[in-house]
Amino acid sequence: MVTKWTDKWQENLQSWLACPFVPAELRDSASFPGNEKNIVDLREIKSETNWPKELRDYLSDAFAAELSFGTAGLRGKMGVGLNRMNVYTVAVASQGVAAWLRSKYSADRCSEAGVVIGYDTRHNSQLFAEVAATVFAANGVAVALFPTYCQTPMLAYAIRPLQALAGIMVTASHNPAVYNGYKLYGSDGIQVGQEEVDQITKFISTEYTAVDFEEALQEQQISYVHQTIERDYIEKTIHQLTPPVGAGGIKIAYTAMHGTGAKIVLPLLRAGGFTNVVTVKEQIEPDGDFPTAPAPNPEFPKATVLLRELAAKEKADLALATDPDADRLAVVIPDNAGEYHQLTGNQTAAFLADYWLSFLKNNHKLPANAAIVKSIVTADLGRSIAATFGVHLEESLTGFKDICGKIREFQANSTYEYVMGYEESIGYALGRNVLDKDGCSAAYIFAHAAASYKAQGLSLWDAWEGICRKYGYLGETTLNIVREGQIGKKFMAYVMDHFRLEAPLTLAGSKLDYFEDFLSSYRGKITYDGITRSIIKTGVINLRSSNVMRYHFADGNWYALRPSGTEPKLKVYLYASADSQAAADAKVKVMTDEVQAVIDALEAKFKEE
1 MVTKWTDKWQ
11 ENLQSWLACP
21 FVPAELRDSA
31 SFPGNEKNIV
41 DLREIKSETN
51 WPKELRDYLS
61 DAFAAELSFG
71 TAGLRGKMGV
81 GLNRMNVYTV
91 AVASQGVAAW
101 LRSKYSADRC
111 SEAGVVIGYD
121 TRHNSQLFAE
131 VAATVFAANG
141 VAVALFPTYC
151 QTPMLAYAIR
161 PLQALAGIMV
171 TASHNPAVYN
181 GYKLYGSDGI
191 QVGQEEVDQI
201 TKFISTEYTA
211 VDFEEALQEQ
221 QISYVHQTIE
231 RDYIEKTIHQ
241 LTPPVGAGGI
251 KIAYTAMHGT
261 GAKIVLPLLR
271 AGGFTNVVTV
281 KEQIEPDGDF
291 PTAPAPNPEF
301 PKATVLLREL
311 AAKEKADLAL
321 ATDPDADRLA
331 VVIPDNAGEY
341 HQLTGNQTAA
351 FLADYWLSFL
361 KNNHKLPANA
371 AIVKSIVTAD
381 LGRSIAATFG
391 VHLEESLTGF
401 KDICGKIREF
411 QANSTYEYVM
421 GYEESIGYAL
431 GRNVLDKDGC
441 SAAYIFAHAA
451 ASYKAQGLSL
461 WDAWEGICRK
471 YGYLGETTLN
481 IVREGQIGKK
491 FMAYVMDHFR
501 LEAPLTLAGS
511 KLDYFEDFLS
521 SYRGKITYDG
531 ITRSIIKTGV
541 INLRSSNVMR
551 YHFADGNWYA
561 LRPSGTEPKL
571 KVYLYASADS
581 QAAADAKVKV
591 MTDEVQAVID
601 ALEAKFKEE
């Protein structure tokens, strides 16, 4: 009997089973949640009448679509399927990138300059990196492969000194252990932009060519990156800010969150004079299972419990956490009563911006046309800081593909000189050594600030209070609406559609002033006569189209909605400012409660439909 496949995912499954380029050991069998120990032979599935619900749910998501580039390249759960990270999806993506490079550069350039590939400590990261290397080598593109795991900022840094045409980092950053990913960088060390992604996508098909890894090593089609690159990175980072007086007197607690960070952060701090460092022993060694941090994102305080406990025990001046690939940094500081507080990404960014711009100005290194870049969902505190120093603030879409992508725009138009970029999700890029978020250098710079302030008789808490008094107190909340699978995607689209058509006209007692629709690239106002809503367009947004809505209110407070490009979640960012922290927190709580109530009502309605 021939099964009649009616859904797209079922057609994709049949194409998968028939594809000779999918390795047989990956193609023909799968396990699924609730049945991990029992392998299902996909070739023997003749009809879906007796499928366990768990198998159907797994396959319908695993084959719903092809894994595609988001804000940070490929990212997804590992497993069987076109919508999963596996050796096949990595190979065909690499084939597409190789073809794109061959279309841009001569065969000689590809065989000489080639690509540099790094990988983190997640399960299968080294395997995926080696698979990618064999595909590039087969296509005449030379490969410089890190001989062991590295940090994402280290890969981004290495591209320019190695004069590579592109860089690839196999990582899923801070995502849970079941995820992995594939980030792509251009020859300038910046993640490739949307135009390049669109070009690469056209080159990706169902086929690829690969060579044997060991043979490619012998033939020198694949070579290993020399480890002096790590020493060079440390030297250049220290050169930006020479070691401060009193660095040895600063006690720092640090965790690598089971990832790559300790390999660079610890020697970097030592090189900067910070010799009094204690580490979270349970998390300092790499472990792709993340046993003490199942959600290894130090942005969230629940992931930094062990760090904060260690900091309190050791009475540390400063506590630092890098995420598994060390591109993000979380900061914990004690107040003057000895209680430890984790700064948000917005607070850390404000602290770093104030210190970094002060340092550049005091050392006559601040360009007259200096600019800092923040994402459209990041708080506006940096706007006031930039204005104080006479620095231009530019907004970009979320992700450092766009934040550091502004550098290309500045250079092309001869307008501004980039000095810093940041976003609320604990990502910071200071200076020009690494043109992507870099938790390692940010850790050193924050430690530098701690030593500098201590030399002035100030604690980090004193310094932070001074920043708040000068620029305003920030209240903030981020709602993470997580819904898995295709139903989850439909619900998120449902919420976005509702807010576009019927967003609240008041929030926490303040009237809506204007809104920004980044998908349609315009800003506007809404009028309402009690019966009909009307939209008056008031301006154009000169950014690439993106599914984000932002609502600004008469009291200066605002919120934004954005579906994540790498995770199954809808994020809502809410911000309020006031003359005290208590007032700002109270204001944003009311805003949050009201927006959450709207989303809850929408979910109930969605389920009914």
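Going by full-length UniProt numbering, the letters in the sequence shown line up with residues 1 to 609, in that order.
Backbone N, C-alpha and C define an ideal beta-carbon position, used for all residues, glycine too.
Computed from a predicted model, the values in this text were never measured in an experiment.
- In this structure, Asp325 and Ser173 form a Cβ contact; the two beta carbons are roughly 5 Å apart against a cut-off of 8 Å.
- Here Arg308 is buried: its Cβ has 16 or more other Cβ atoms, across all protein chains shown, within 10 Å.
- Pro153 sits buried, since 16 or more C-beta atoms from the chains shown fall within 10 Å of its C-beta.
- Per DSSP, the unbroken alpha helix (DSSP H) holding Asn12 starts and ends at Lys8 to Ala18.
- For the 8 Å CB-CB criterion, Ser103 and Gly140 do not form a contact.
- Nearest in C-alpha terms to Asp517, of all of Asp41, Lys587 and Phe499, is Phe499.
- Between the alpha carbons of Lys569 and Gln596 lies a distance of about 14 Å.
- A distance of 8 Å or more separates the beta carbons of Ala107 and Phe203.
- Between the beta-carbon of Ile168 and that of Ala132 there is about 6 Å, and that keeps the pair under the 8 Å contact cut.
- Take Leu26, set aside five residues on each side of it, and the residues of its chain with a beta-carbon closer than 8 Å to its own are Val80, Asn86, Val87 and Tyr88, in chain order.
- Glu285 counts as exposed, since fewer than 16 other C-beta atoms from the protein chains shown sit within 10 angstroms of its C-beta.
- Under the DSSP assignment, Lys77 falls in the beta strand (DSSP E) whose first and last residues are Leu74 to Lys77.
- The C-beta of Glu567 has 16 or more other C-beta atoms within 10 Å across all chains shown, which makes the residue buried.
- DSSP places Asp579 in no beta strand (DSSP E); its state is neither H nor E.
- Of the candidates Thr134, Leu13, Ile599 and Pro244, Ile599 places its Cα closest to the Cα of Pro504.
- Under the three-state reduction of DSSP output, Glu395 falls in the strand class.
- The beta carbon of Ala271 sits closer than 6 Å to those of Ile234 and Ile238, all from its chain and outside the five residues before and after it, given in chain order.
- As summarised for the segment 219-289, the continuous beta strand (DSSP E) elements at least 3 residues long and confined to that stretch are 222-224, 252-255 and 277-279, given in chain order.
- At a cut-off of 4 residues, the continuous stretches assigned as alpha helix (DSSP H) that sit fully inside the segment 395-453 are 400-403 and 405-413.
- Contact between the segment 368-387 and the segment 338-350 is present: three or more C-beta pairs spanning the two stretches fall below 8 Å.
- According to the DSSP assignment, Asn480 belongs to the beta strand (DSSP E) that extends over Tyr473 to Val482.
- Straight-line spacing of the CA atoms in Thr255 and Leu320 works out to 7 Å.
- Of the candidates Gly399, Gly338, Ala295 and Ala303, Gly338 places its Cα closest to the Cα of Ala316.
- For Ile190, the closest alpha carbon among the candidates Asn175, Leu458, Ala156 and Ile229 is that of Ala156.
- In this chain, the beta strand (DSSP E) harbouring Ser534 covers Arg533 to Val540.
- From the listed residues Ser545, Glu394, Ile333 and Tyr355, the smallest Cα separation to Ala371 is found for Glu394.
- Within 10 angstroms of the beta-carbon of Tyr119 lie 16 or more other beta-carbons, which makes it buried.
- Straight-line spacing of the CA atoms in Val277 and Phe400 works out to 30 Å.
- Going by beta carbons, Gln151 and Gly261 fall inside the 8 Å limit.
- The three-state reading of DSSP puts Gly524 in strand, counting E and B together.
- Secondary structure at Tyr149: coil, using DSSP grouped into helix, strand and coil.
- Residue pairing of Trp461 in beta bridges, as defined by DSSP: absent, with no partner found.
- When the beta-carbon positions are compared, Val377 and Tyr418 stay at least 8 Å from each other.
- DSSP, read as helix, strand or coil, puts Phe491 in helix.
- Counting of Cβ neighbours within 10 angstroms places Asp354 among the buried residues, the total reaching 16 or more.
- Every alpha helix (DSSP H) stretch that sits fully inside the segment 303-329 and reaches 4 residues is listed by chain position as 305-314.
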